[in-house]
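Structure first, then comments.
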């Protein structure tokens, strides 16, 4: 078989069966090999950031990697900002980056660039295939690196001649590795700290946010009378009625300082030490209170779920000792459409089993608050702060969970970094409702100007203004085959969201916020 | 003053007076400093690839750098693919990349990444400001590096605390450096080779494509009975009636081999050795004929125009010995709208002084052929093969030359990498007509499948299909405030182009190609 086929077979037999692709000339043999590997599903995207963001969404929903197929250094470049988000989410992703034929690299042809140098900025593993006979081994190594644990970005550079060359090497198949068993000494150290009666916070994130892990975290915190928080931006959070109730650390550093004040022990499970998202003049960047001891329950490569289970048991927590969320959706809003009434509508209407892809920036705060008691759902955050993830991540989530409704919360500013995802929604019939929260400005940056006492800036403020021209998101959606409607009152947004959530397939609601 | 103001003052006093920006929190002091430096014009873009592509367009038209303003690693990541094109065009560009406050980097906040690592992949110069007192020096060094010669990418990383800190250091002002005088020995070696009577080709590119340089290249070639070619993808080519006639090397390697067959001396002036854009199984990647000696007339840092002038003089070329292009536009087409009739319409209607931003991929070949005898114009190519340049480059060109009509030739595939440029066209009232050549597929990749004898690929071919859904470029343009029309016949495209070329401001013509 050709190297190209060996690559696809290795991926597919290792469970990597979806490939978000934007191929070019150097990838034509890989594209042609799809006929020989029908279990590999290619998903065309019109821009590479859509491919990498979709792979992130796929990974968050399934726990398994998807592949991207990218065209040399420029294709990888365009994928990097969402790979940054995926890296911060510990999402497993396998990037396949086509390159010039190995013997052609020295020619410095126009598309030649430092692919490995680009890849290293986001990848835990970077490899270059040495030839067709090396293809399956290299692809297997990439999958293994991506699967971790923890999940990571692996980037495989595939010279065109490795794809078009023939090989008789056997095709590898890679199985996921189990995480390392938790370290009993760490668990005991944490138990002792929590049992001391001193003020303690259990901070969870990553793999600790799901299933038994989050339940055991709540049981352990309750048994020890410790406070439980999640990180501010979680890759996936299980929320809503019947799920474990977890408060979230706030965004701004002074708020985090207040939330953690007086804490003697800060226990990390799947989370890192909290730090300010940005530094501000005169505000701290590190947010752990003075005199607070930080204890790590499990390292990233360890089984944090097992560690939390052991901790809850060691603390004698009762089986049903987790704090569960009652079903208490807000009432439907009426009247003026603003972030608060929008959030209320979302909280009231969020369908059971929904997946929320959250890139709402300022509106995320009321949206999170209003959905605490909604029907059960999964909430996927922008983990790395790199805008342009919302719709791409929703694409991957929708294809990974075709039976579930996916809802994208988009700010009008952030929506414009990767609007091409709309086209893939239409092409794939993805069941994604995109709610574009249109305030006609980079509102978060206005907030930042206020925080920095720079509100006098006249010309600078014009750079935050998205009203001239206003983007018409209904027209934008229709231009790429997605039906859209506009809502300008709370009543209209309720009607629009009800319809969008009840119908299968993609749609856009332009939510025109007042003020 | 604050470091932020020192930065903007240094740029402005060095002639860098336009900044294509997509700022975030870490750049708020830079944004606020705009009021203190009114000579700096900020141009908001909704995605960073638009900013970097516009800076390239600005540089190609003016010969001077524009700045970009980007938000940390992810902002730079999104700008990289068009910076790759700018690098290949030897366009001077100064990237200003905001970073976390220096003391906050070690916190590994969510947006932290290896900015310098990213920057080095495209930049000739990368620097990080050491503090407010270092700001003007560092900015001056960046401008100096960008200006070359030759033009290059310089990336300055600006920690937030360097921007918000105060400084009393004087503001630097950087003047362009003159290129090094040509090397008389090289000129004499080339003269001797050309005068030998052996078959010779003079291959020009870069700075040799303009003004006296291209005229002297033609004079020298004619005097020596050598053949004159330009590189396949030129940063700027002066074309049309009354300009020097220069044939262009073809795209596919076998065509280049044919064009250069029998050449004994290949003389490079502002050009590199021709190589295949992509390697193909069984085809050569290096395209210089066996036994052909390659002579370089001037190194990139040398004055290639002076070298060509000296060469023409040494060969005794008459003053008026250049081959000029007669005015011979094609007649207006009628009937079926296909690449050939579209090209004919373009050739007939191209307005005097137009700037063409060419990202037409397959349609560029007939478009180039049909415009040889059109009114005089400048033609800007996609130099690095990284798609998404066409509209961004047109934005920069239009702002750099407000009195001239700018025309973007876009394929429907390539248009979708950076459609956000449309919004900046509307916001700035840029005089850009975007002609979207809609064939509903990645046609170039179909050609590549044919060349590689992979046309049986069934699933792979679906990845080249842009027809389900079709992008509606009229709706897309309107969604971002740009008027658009659709043309489906040669007559309609003539009417649409006539109107678009005669009116000021942005517009889009969706050119629906048959077949």
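Chains as they are written, first to last, in our numbering: chain L, 1188 to 1702; chain E, 1188 to 1702. Even glycine gets a Cβ: it sits at the ideal position worked out from N, Cα and C.
What separation, rounded to the nearest whole angstrom, lies between the Cα atoms of residue i and residue j?
i: residue 1463(E); j: residue 1438(E); result: 8 Å
i: residue 1244(L); j: residue 1311(L); result: 19 Å
i: residue 1380(E); j: residue 1450(E); result: 12 Å
i: residue 1264(E); j: residue 1505(L); result: 49 Å
i: residue 1560(E); j: residue 1510(E); result: 13 Å
i: residue 1446(L); j: residue 1440(L); result: 10 Å
i: residue 1575(L); j: residue 1409(L); result: 38 Å
i: residue 1277(E); j: residue 1566(E); result: 16 Å
i: residue 1570(E); j: residue 1563(L); result: 51 Å
i: residue 1255(L); j: residue 1328(L); result: 16 Å
i: residue 1658(E); j: residue 1269(L); result: 24 Å
i: residue 1627(E); j: residue 1674(E); result: 14 Å
i: residue 1503(E); j: residue 1194(E); result: 50 Å
i: residue 1189(L); j: residue 1218(L); result: 12 Å
i: residue 1523(E); j: residue 1698(E); result: 12 Å
i: residue 1361(E); j: residue 1200(E); result: 7 Å
i: residue 1691(L); j: residue 1617(L); result: 8 Å
i: residue 1483(E); j: residue 1456(E); result: 6 Å
i: residue 1220(E); j: residue 1641(L); result: 9 Å
Does residue i come out as helix, strand or coil in the three-state DSSP assignment?
i: residue 1477(E); result: coil
i: residue 1485(E); result: strand
i: residue 1564(L); result: strand
i: residue 1228(L); result: strand
i: residue 1207(E); result: strand
i: residue 1439(E); result: coil
i: residue 1544(L); result: strand
i: residue 1396(L); result: helix
i: residue 1434(L); result: strand
i: residue 1697(L); result: strand
i: residue 1290(E); result: helix
i: residue 1386(L); result: coil
i: residue 1269(E); result: helix
i: residue 1346(E); result: strand
i: residue 1511(E); result: strand
i: residue 1549(E); result: helix
i: residue 1573(L); result: coil
i: residue 1633(L); result: helix
Run the CB neighbour count on residue i, radius 10 Å, all protein chains shown included, and call it buried at 16 or more, exposed below.
i: residue 1234(L); result: buried
i: residue 1590(L); result: exposed
i: residue 1489(L); result: buried
i: residue 1625(E); result: buried
i: residue 1372(L); result: exposed
i: residue 1402(L); result: buried
i: residue 1514(L); result: exposed
i: residue 1335(E); result: buried
i: residue 1629(L); result: buried
i: residue 1539(E); result: exposed
When you measure from the CB of residue i to every non-hydrogen atom of the ligand NAP, does any distance come out below 7 Å?
i: residue 1681(E); result: Among the components modelled here there is no ligand, and therefore nothing to report on the ligand NAP.
If you drop the 5 nearest sequence neighbours on each side, which residues of the same chain put their C-beta closer than 8 Å to that of residue i?
i: residue 1444(L); result: 1471, 1474 and 1476
i: residue 1286(E); result: 1213, 1259, 1292, 1302, 1315, 1344, 1345, 1346 and 1347
i: residue 1177(L); result: What is shown of chain L runs 1188 to 1702, which leaves residue 1177(L) out entirely.
i: residue 1497(E); result: 1369, 1371 and 1374
Which same chain residues, not among the five before or five after residue i, have their C-beta less than 6 Å away from its C-beta?
i: residue 1414(E); result: 1388
i: residue 1594(E); result: 1541, 1543 and 1620
i: residue 1370(L); result: none
i: residue 1422(E); result: 1247, 1276 and 1570
Got a sec? Which residues, its chain only, sit under 7 Å from residue i by beta carbon, not counting five neighbours each side?
i: residue 1531(L); result: 1517, 1520 and 1557
i: residue 1605(E); result: 1234, 1236, 1237, 1240, 1575, 1578 and 1579
i: residue 1527(L); result: 1553
With three or more beta-carbon pairs closer than 8 Å as the criterion, would you say the segment 1290-1310 of chain E touches the segment 1353-1366 of chain E? No contact exists between the segment 1290-1310 of chain E and the segment 1353-1366 of chain E.
Three or more C-beta pairs below 8 Å linking the segment 1676-1688 of chain L and the segment 1241-1255 of chain E: No, they do not touch.
Meets three-Cβ-pair contact criterion under 8 Å: the segment 1645-1652 of chain L and the segment 1606-1617 of chain L: no
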